[in-house]
Amino acid sequence: MSQKKKILVAGFWVILIFGLSQIIRLGSNLVVTRIFEPEIFGVMAIVTVVAIGIAMFSDLGLWAFVVRHKDPTNPRLLSAVWTIQVIRGWLTLLAVGLIALIIMFGNEYFPQFFEGVYADPRLPILIFVAGIPSVINGYRSMASPVMSRQMQHGKLELMELASQILSVAVVIAWVLVYPSIWALAAAGIVSSIVGTFLSYRLFPFRHSLVWDRAIAKEVFDFGKWIVVSSILTYLFMQGDKLFLAGKITASELGVYSIAFMLSGVLVSVTNSIAAKIVFPTLSSAVHEDRKSLKEKYYKIRIYVDLSNFLAAGILIALAPTIVELLYDARYSSAGWMFQILMFSLIGNALALIPIQCLSALSVTKLNMWVMMVRSVGLLVGLPVFYHFYGLYGAVWVVAVIPFLALPIIYWNLAQHAVFSFYKEIRMLPVVGLGYIFAKCFLYLIS
């Protein structure tokens, strides 16, 4: 199969399965929001934030390391990387347990420092339960990076979809029989068990515990900047919830988390395509024909920018209406939050593919600098704008932060002779076209 056909087939699978995944996710969310009060989602938002944080703090870029390696199917290499992955999973659970103990004893002996959602007595044990999937996922086979490098995504995407369907089925069955926050906590465990099982059932990869000092050194040399970048990425992606959890009620945080989820659907689709399709494609171009990299990069940008900017314009116009149609009055505030947060899709689209291109060129420090700028902007902007404008100001800070690092990204592209300012921004007018189209549509049906 030709490279172009591989890319098209892989892209089809990623978009199809990811689209179905988001539909299932939204459907399950609509079910549970009608059963639970918003404060449940506020508590679970912080549980998720803590679990994600610990996992990201220990991220060594194992997936990217295998994808970029010159010999990604070497059995000893895969076993050595898998061993590091297993160790990381257990260390992650240990760290999550320590965080849970700190919150538990903090609430008991120093309650003045734990306000808002952090004072919820269920939080410590929920956080520990949310850390269990890190151990289970640590035992997954190396099928995902190897198949991604070879652009064979069909089974991979079906595996992820099956994991999600079963976890959603468990959650919905549980909440219908016995509505409890523990149903939401169990979803991650079910998904990780199914995913790990299928990673061996569907693929021929088998691993053993192997400690290879040379490979470990390669991994750590490759991943040292990724660790720093992951920590900063975490602050950028989750810092808003960490900050707001101590400032607003659990119900308000729950409504915000719904708006954030809705606005993140297309960002997640773009991120998935960028990681699973764009990055391997550009990595291959670097290894095979460096001169064609710029041409391939901007050819990809046309399709990604067109779809993202059109969707952003449409959703900025329709966001309040969508929330009104999907949710009851308790979640109505999510409408204006969703509308503002959609501006972040534009900034994400402008930055994401350039970052993948530079990562393919082994400019791993870039992620660190990008996330440092964004994290500092968030840490400074949130308290300032929340103080003067409340939650409205804080939401606008989250929406515009992705734009802050564009000068750094563009400078790096220029340094590697992969830059055209016109081609970077040429599709921006599509945002306005999408907005006008959606507003006309609303006018016609009203």
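Letter by letter, the sequence shown follows residues 0 to 445 in numbering that gives the first Met the number 0.
Glycine included, every Cβ here is placed at the ideal spot set by N, Cα and C.
- Residue environment for H68: buried (at least 16 other C-beta atoms within 10 angstroms of its C-beta).
- Bounds of the alpha helix (DSSP H) holding I435 are 428-444.
- By the neighbour-count definition (other C-beta atoms within 10 Å, threshold 16), F127 is a buried residue.
- Per DSSP, E36 is not a residue of any alpha helix (DSSP H), being assigned neither H nor E.
- I164 is a Cβ neighbour of I23, given a cutoff of 8 Å.
- CA-CA distance, V46 to L125, rounds to 6 Å.
- Collapsing the DSSP output to three states places V417 in coil.
- Of all C-beta pairs linking the region 224-243 to the region 89-101, fewer than three are shorter than 8 Å, placing the two stretches out of contact.
- Distances from the CA of M341 to each of V383, A437, A258, S179 were compared; the closest alpha carbon is that of A258.
- Look at the region 123-172 and you find no whole run of beta strand (DSSP E) that is 3 residues long or longer.
- Contact between A311 and I345 holds, since their C-beta atoms are separated by about 5 Å, short of 8 Å.
- Annotation: L360 to Y391 spans about 39 Å, alpha carbon to alpha carbon.
- Cβ neighbours of V417 within its own chain (closer than 7 Å, five residues either side excluded): L292, K293, Y296, C356.
- For V379, the number of other beta carbons within 10 angstroms of its own is below 16, and it is reported as exposed.
- Counting only the Cα atoms, L351 lies some 15 Å from F420.
- The Cβ atoms of V254 and Y199 lie no closer than 8 Å to each other.
- Residue state for T280 is assigned as helix, using DSSP reduced to three classes.
- Taking a contact to require three or more Cβ pairs closer than 8 Å, the region 370-377 and the region 398-411 qualify as touching.
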